[in-house]
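**Student:**
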Amino acid sequence: MASTAHAEAIKGVEAIFERYLLIARSKNFTGFDRHLMETVKIIDASPEGTVTFDLLIDERYSNINGVMHGGAAGVIFDMCTTTALGPLAKPGFWDFLGGVTRSLNISYLRAIPIGMSPRPLSIKLHLQFSNPKTGTTVRINSKVMQVGRTMAMIRGTMSSRDGKTVYCTCEHHKVAVPTREEHLQHRVEWDGIWEGKGKDAIPGKL
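As structure tokens, then:
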């Protein structure tokens, strides 16, 4: 059975997604990160600031060569590494999608195969031949390496689910800025527990 701290870490990450989707729906927002936030699956999280996700990389993330577009990796890493701050957040300290990106450095090691569904001329043929399973499910691991009052650094990897093939890695540096007040108006279940943590900052760690 998961410890209370472990369960709270997972809930802290889930709360980021819950609040994001409340905001997106209230604004009828349809930006490209919304699909990611709606489909990525949280596998695990820890109080130390680690999160594990699974995500299906399908044609939505593809380039014309039938592999994941490098720019798509930037969006995925941006969102999935930022959420690793969730278990460490307190009111006024790296709260909802904390901070802004200062730099996001990505190393592309192997292409992620997607395959392309056929593009027949008619809708009838498209429904007959399209393959809903096209794509590759990847495992995304994010780990907060350092966090302080003004800056944080998180590392991420995108690999096969068994971890044997690493597709790309990243180092994400963030600068803390206050969360928009209108975003915090969207309340989620976690807020009551989260606010009880107070505003004491967590010392930076390496």
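To convert, note that position 101 of the sequence shown is 118 in our numbering; the numbers rise steadily by one, no gaps. Backbone N, C-alpha and C define an ideal beta-carbon position, used for all residues, glycine too.
1) Quick one: Cα of A193 to Cα of M162, how far?
2) From P149 to P104, what does the alpha carbon distance come to, in whole angstroms?
3) Excluding sequence positions up to five away, which residues of its chain have a Cβ less than 8 angstroms from the Cβ of Q124?
4) When we look at the beta-carbon of L126 and count the other beta-carbons within 10 Å, is it buried (16 or more) or exposed?
5) Is the distance from the Cβ of I157 to the Cβ of M85 below 8 angstroms?
6) According to DSSP, is D75 part of a helix, a strand, or is it coil?
7) Express the C-alpha separation of R51 and L102 in angstroms, rounding to a whole number.
8) Should I131 and S79 be called a contact, given that it needs their Cβ atoms to be closer than 8 angstroms?
9) Less than 8 angstroms between the C-beta atoms of T154 and R178, yes or no?
10) In three-state DSSP terms, what is T47?
11) Of all the options E35, V92, D61 and K44, which has the alpha carbon lying nearest to the alpha carbon of A22?
**Tutor:** Checking against the coordinates, here is how it stands:
1) 15 angstroms
2) Interpretation of P149 is limited by its pLDDT of 48, a score under 50 that renders its predicted location unreliable; the figure taken from the coordinates is listed afterwards. So the alpha carbons of these two residues sit roughly 34 angstroms apart.
3) One detail in the question is off: residue 124 reads as Ser in this sequence, not Gln. So the list reads C185, T186 and C187, once near-sequence residues are dropped.
4) exposed
5) no
6) coil
7) 19 angstroms
8) yes
9) yes
10) coil
11) D61
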